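In UniProt numbering, the protein residues as written are 1 to 414. Beta carbons: idealized from backbone N, C-alpha and C, even for Gly. A quick note: this is a predicted structure, and the numbers were derived from the prediction, not measured. A short worksheet on the structure shown next.
What follows is the structure in structure tokens.
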């Protein structure tokens, strides 16, 4: 009997970790090449900022019926529903309701137009621009790039429910508990992959130090922004239609700024700021401790703050906006801040994927394997409407490993 085929996984984010876990359970040899010095990818902990652990990256469990949610409940993990009922900053005042409803962006048969273009078509006045920015940012993109029609079409596949939850510990801590020590031991840190060579004899990955890793198959789990960046060279080149598909999947800058205060002076969720479209009470679902407000920025807003160049300037810009909203209370109560600029994370390059105008079937083309040698996982390759989510990244990893194991079983030694 010959050797069992080996698999290389590129990236130790959620998709890479769960791919490793599934291969480990299937008895398939593997190793994980991780560019940074830690695992988790866009799931990362913020420790020592508050008396409790917080999430620098993904923090909400989306939906009450996801596989991860079911697992958390079986394990007795403490979850708190976070309803995120908005208070609007509109025309220089905080409001519980807007003069015009903004539910025009959901429904059947909506056109493949950007949020901004569709809002103009439906007659929403210019005063709603920052509200529309917030709605688009929640879905991962800028209002002039994300498609109303594609977003609604993909929503048809969503099956996880409508409620959002936060962890008493952190999302990172929960995922960390699901991954075995054997998988963690298989991670090779500080190994950014620059080349992937593939053919009849298998695959060879080459990292930036010149180290070579050989296997029969490779599962690529890096972000869509990294795939589009060209930092990873494929030999032979990937099919042109696949490269074009990568380019049609959007992913923009993302930033989270944590602001600790002496007293809480703000509602749970403020939408519509021209500097930051969404301020969220990050203390929800956490043990007792000082109030922490999260400034959550996507796209052009994140780019503008990132261009300020340092944490002090970024914090000052946010405090000035909050002082305008809350009559100077932000500066009076401010204690400290922490900035996580995901757009500048060199092996992430942004927040999460979204569907651009004209995306068509790009996700299907992007996710397709190449010559049964190269497989693609990660949230952007999710095809059932669960992209942008941690559970979607996990689901895609499981699907890909199932496919890989079937191929190994069919073609392997007897």
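Shown here for residue 224: same chain residues with a beta carbon closer than 6 Å to its own, the five before and five after excluded, namely 249, 251, 353, 380 in chain order. For residue 52, no pairing in a beta bridge is given by DSSP. In the three-state scheme derived from DSSP, where H, G and I count as helix and E and B as strand, residue 20 is classed as helix. Counted as a single uninterrupted DSSP element, the alpha helix (DSSP H) harbouring residue 243 occupies residues 240 to 248. The beta carbon of residue 207 sits closer than 8 Å to those of 33, 191, 192, 193, 194, 213, all from its chain and outside the five residues before and after it, given in chain order.
Shown here for residue 292: same chain residues with a beta carbon closer than 6 Å to its own, the five before and five after excluded, namely 50, 258, 260, 282, 283 in chain order. As computed with DSSP, residue 81 is found in a beta bridge with 165. According to the DSSP assignment, residue 204 belongs to the beta strand (DSSP E) that extends over 202 to 207. In terms of CA proximity to residue 332, 265 leads the group 398, 279, 265, 60. In the assembly as shown, residue 59 is a buried residue. Its beta-carbon has 16 or more other beta-carbons within 10 Å. If you check the CB distance, residue 22 and residue 398 come in under 9 Å.
Under the DSSP assignment, residue 224 falls in the alpha helix (DSSP H) whose first and last residues are 224 to 229. Short of 7 Å from the beta carbon of residue 228, and not among the five residues preceding or following it, lie these beta carbons of its own chain, in chain order: 246, 247. Residue 116 sits away from residue 254, with the two beta carbons spaced by 9 Å or more. For the 9 Å CB-CB criterion, residue 216 and residue 373 form a contact. In terms of Cβ geometry, residue 63 and residue 199 do not form a close pair [threshold 9 Å].
According to the DSSP assignment, residue 326 belongs to no alpha helix (DSSP H), since it is labelled neither H nor E.
Counting only residues of its own chain and dropping the five nearest sequence neighbours on each side, residue 127 has a CB closer than 8 Å to the CB of 90, 91. If you draw a straight line from the Cα of residue 141 to the Cα of residue 275, it comes to about 16 Å. Around the beta-carbon of residue 80, fewer than 16 other beta-carbon atoms lie within 10 Å, marking it exposed. Bridge partners of residue 256 according to DSSP: 296, 340. For residue 364, the enclosing alpha helix (DSSP H) covers residues 362 to 367. Closest in C-alpha terms to residue 183, from the list 153, 54, 19, comes 19.
Assigned with DSSP and collapsed to three states, residue 173 falls in helix. The Cβ atoms of residue 93 and residue 104 lie no closer than 9 Å to each other.
Pairwise C-beta distances place the segment 237 to 244 out of contact with the segment 135 to 154, as fewer than three of them are shorter than 8 Å.
As the crow flies, the alpha-carbon of residue 37 is around 18 Å from that of residue 180. Per the Cβ contact rule, the segment 142 to 153 is not in contact with the segment 43 to 57 (fewer than 3 Cβ pairs under 8 Å). Straight across, the Cα-Cα distance linking residue 110 with residue 363 is about 19 Å. DSSP, read as helix, strand or coil, puts residue 105 in helix.
Short of 8 Å from the beta carbon of residue 85, and not among the five residues preceding or following it, lie these beta carbons of its own chain, in chain order: 268, 269.
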